[in-house]
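In UniProt numbering, the protein residues as written are 1 to 557. Reading through the C-alpha cells given below for one structure.
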C-alpha cells in the first residue's frame with residue numbers, strides 16, 4: 001500500500017485517472033487493511049482523500065468508515081437517491097435517512113419499487129394431503145418451478161459468452177444457492193412483512209409526511225418501477241431489501257405489473273370495471289400520484305415510470321375517461337415548474353377498441369397542463385415481434401393509426417428539448433411533421449417503432465433531408481438515440497442501439513445503418529451496438545457469431 005502511494009505522489013499533475021486508480025487500489029485492499037497501511041492513508045492530505053473517496057462505491061465507503069473515526073468523518077456516503085416499497089427494510093432505511101440531518105439534504109430522487117412478492121399456492125393434490133391429515137409438502141411445487149425457471153433464464157442469458165467478472169459473481173451465488181425449503185421459509189417471512197406494511201400503510205404515511213414537511217429539500221424526481229428486482233442475482237436497483245437477502249437466495253424474481261411476453265400480451269380491462277385488488281397491481285403508482293396531487297408545494301418536477309425495457313406499463317384505460325388516478329396525474333402535470341414526464345402504458349386490447357385510450361383526448365389534455373415541460377417519453381407494451389399483433393395491425397392499418405398530435409399537444413410545447421417514443425405505431429410523414437413542430441428540440445429517442453407507413457431507414461433520411469438537420473452547426477445538432485430488437489431470442493432488455501451510426505448518417509459523415517430491398521427496418525451487420533439494460537458489461541458490436549468469437553465476446557467452441 002505504501003509503495004503504491006509513493007508511486008502516485010504526483011497526483012495533482014496526473015489528474016483524475018490517478019485518483020481513480022488510487023480508489024481502485026484502496027477498494028481492493030479494504031478487506032485486508034492493516035495498521036501500517038491505514039497510517040499511510042492518514043498521512044495523505046484531506047483534500048486528496050476526499051477526492052479519492054469520491055471514486056469509491058458506497059459499499060466500500062461504508063467499510064472504510066468503520067476502520068477509524070478519521071475516515072468516518074472524511075468518507076461521507078453519497079446518497080442522492082432513496083428507495084421505498086412495501087418491504088419494512090426499505091421503509092426503515094427511508095425513515096432513518098429522513099431523520100439524518102446530512103443525508104436527507106442530499107436526496108434528489110425517490111425510487112418507489114412497485115413490485116410485490118406474489119402468492120405461490122399449493123396445488124389441488126397438495127391441499128388434499130392436508131385434508132387427509134397429512135402434512136403439506138415443505139414448499140409448493142409452483143414455487144420450486146419458479147425458482148428452477150429463473151436459474152434456466154440466468155443460464156440462457158449468458159449463452160455463449162466468455163466468463164466475465166459479472167458472470168463470475170452470479171456464478172458464485174448460483175453455486176451457493178439455498179435449498180428450496182430454506183428459500184421458501186425466507187420468502188414466507190418476506191410475505192408476512194409485506195402484508196404488515198400494506199395493512200398499516202406505513203410506506204404511504206412516511207412518504208406523505210416527508211413531502212408535507214419537506215424532509216428532502218433537494219428532492220426533484222420520483223420514479224416508479226416494477227422492474228427493481230431485475231433478473232436472478234442481478235437486480236436493476238440494489239434496494240435495502242434486496243441487499244439484505246442471504247447470499248444465494250433464489251426467490252423466483254418478481255415483477256410488479258402485468259408484462260408482455262411473446263403471444264401473451266396482457267389485456268387490461270376498463271379501469272372503471274376493474275376490482276380494487278386488480279387495480280392494486282399498480283399500488284405504488286396509485287398512492288404516489290395521490291400524494292403528489294394532494295400535498296401542496298412538494299417541489300417534485302420530474303415523474304418517471306421506469307420499466308427498464310420490459311413490455312409493461314400502467315393500465316392505459318385510465319385515459320379513456322377521467323378517474324381518480326387520471327385526475328391525480330393531471331394535477332401533478334399542472335403544477336408550476338413541472339418539467340419531465342416518462343410514461344409507460346399497457347395497451348393490450350386497445351386494437352379492439354380503436355385505441356380509445358389514445359384517441360379520447362384525455363391524455364393530451366393532461367400533457368397540455370404541463371406548460372413548462374422539457375422532457376417527454378412515452379412507451380407502450382406493443383410487442384414488435386408478435387405475429388398475432390402484426391396481423392391485427394397491418395391488416396387494417398388506418399384503423400390503428402393514431403396521429404401524434406392526437407396524443408401530444410405539440411403546438412403548446414415551446415420548451416420540450418427531449419422527445420422519446422417507444423413501441424408506438426406511427427406513420428413516417430406524421431412523425432416528421434411532429435418533429436418539425438418542436439422548436440426547442442435537442443435530443444430524440446426512438447425504440448422499436450412500428451411503422452404503418454415508411455420505415456426506420458426513411459426516418460433517418462428525412463431527418464437529414466426534409467428536416468434539414470444535416471445543415472445544423474455542430475453546437476446546434478440534435479442528439480439521436482435509436483434502438484431495434486435483436487431478433488436473437490426473446491430478451492426484452494437487449495436491443496441494437498445505433499445512436500452513433502444514426503448521428504453520423506444524419507449529419508453527413510456515415511453510411512445508412514439499414515439494409516435496402518425490403519429490410520429498411522433491419523440493422524445491417526457491422527452497424528450498431530447490442531446492449532442489455534440489465535448488464536452494462538454485455539455491450540458488443542452487432543456482427544456475426546464468428547466475429548464475436550474472434551473479438552473475444554463468445555467462447556470458441
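Think of the CB as a built atom: it goes at the ideal place given N, C-alpha and C, for glycine as much as any other residue.
Reduced DSSP category for residue i - H, G, I as helix; E, B as strand; rest coil
i, result
"residue 281", "helix"
"residue 230", "coil"
"residue 485", "strand"
"residue 67", "coil"
"residue 142", "helix"
"residue 557", "coil"
"residue 530", "strand"
"residue 72", "helix"
"residue 85", "coil"
"residue 107", "coil"
"residue 121", "coil"
"residue 312", "strand"
"residue 498", "coil"
"residue 331", "helix"
"residue 57", "coil"
"residue 220", "coil"
"residue 458", "helix"
"residue 100", "coil"
"residue 48", "helix"
"residue 80", "coil"
"residue 288", "helix"
Pairwise C-alpha distance: residue j and residue i
i, j, result
"residue 381", "residue 68", "51 Å"
"residue 480", "residue 351", "30 Å"
"residue 405", "residue 438", "12 Å"
"residue 147", "residue 46", "49 Å"
"residue 385", "residue 49", "Caution applies to residue 385, whose pLDDT of 43 falls short of 50 and renders its modelled position unreliable; the value that the coordinates give is listed next. The alpha-carbon atoms of residue 385 and residue 49 are separated by roughly 52 Å."
"residue 319", "residue 357", "5 Å"
"residue 477", "residue 412", "23 Å"
"residue 290", "residue 114", "15 Å"
"residue 150", "residue 54", "36 Å"
"residue 445", "residue 341", "14 Å"
"residue 336", "residue 527", "43 Å"
"residue 203", "residue 93", "11 Å"
"residue 459", "residue 499", "14 Å"
"residue 472", "residue 44", "49 Å"
"residue 530", "residue 482", "12 Å"
"residue 282", "residue 549", "43 Å"
"residue 353", "residue 101", "52 Å"
"residue 443", "residue 285", "27 Å"
"residue 156", "residue 506", "37 Å"
"residue 366", "residue 324", "13 Å"
"residue 304", "residue 208", "18 Å"
"residue 63", "residue 52", "15 Å"
"residue 59", "residue 237", "14 Å"
Cβ shell of residue i (< 8 Å), same chain only, five flanking positions each side left out
i, result
"residue 97", "79, 82, 103, 104 and 107"
"residue 521", "451, 455, 456, 457, 484 and 514"
"residue 278", "269"
"residue 355", "347, 400 and 402"
"residue 164", "537"
"residue 95", "206"
"residue 293", "327, 328, 329, 331 and 332"
"residue 360", "319, 320 and 321"
Whole-number beta carbon distance between residue j and residue i, since they are thought to touch under 8 Å
i, j, result
"residue 271", "residue 317", "5 Å"
"residue 258", "residue 246", "With a Cβ gap of about 29 Å, residue 258 and residue 246 do not count as contacting."
"residue 143", "residue 252", "6 Å"
"residue 233", "residue 154", "7 Å"
"residue 436", "residue 265", "33 Å between Cβ atoms; not a contact."
Cut-off 6 Å between Cβ atoms - residues of its own chain near residue i, not counting five sequence neighbours on either side
i, result
"residue 334", "369"
"residue 211", "295 and 298"
"residue 493", "309, 532, 533 and 534"
"residue 244", "89"
"residue 120", "140, 142 and 143"
"residue 287", "204"
Cutoff 7 Å; reference residue i; Cβ partners in own chain excluding five residues on either side
i, result
"residue 65", "71, 72 and 75"
"residue 241", "85, 87, 89 and 90"
"residue 415", "372, 373, 374 and 440"
"residue 217", "105"
"residue 523", "484, 496, 498, 513, 514 and 542"
"residue 194", "86, 87, 116 and 117"
"residue 42", "70"
"residue 250", "147, 150, 151, 177, 178, 183 and 232"
Below-8 Å beta-carbon distance, residue i vs any chain C residue
i, result
"residue 83", "Going by chain labels, chain C is absent from the structure shown, which holds only one protein chain."
At least three beta-carbon pairs within less than 8 Å, the segment 305-313 to the segment 338-348: Cβ pair count under 8 Å is three or more, so yes.
Cβ pair count under 8 Å reaching 3, the segment 109-118 against the segment 207-226: By the C-beta criterion, the segment 109-118 is judged to be in contact with the segment 207-226, since at least 3 inter-stretch pairs fall below 8 Å.
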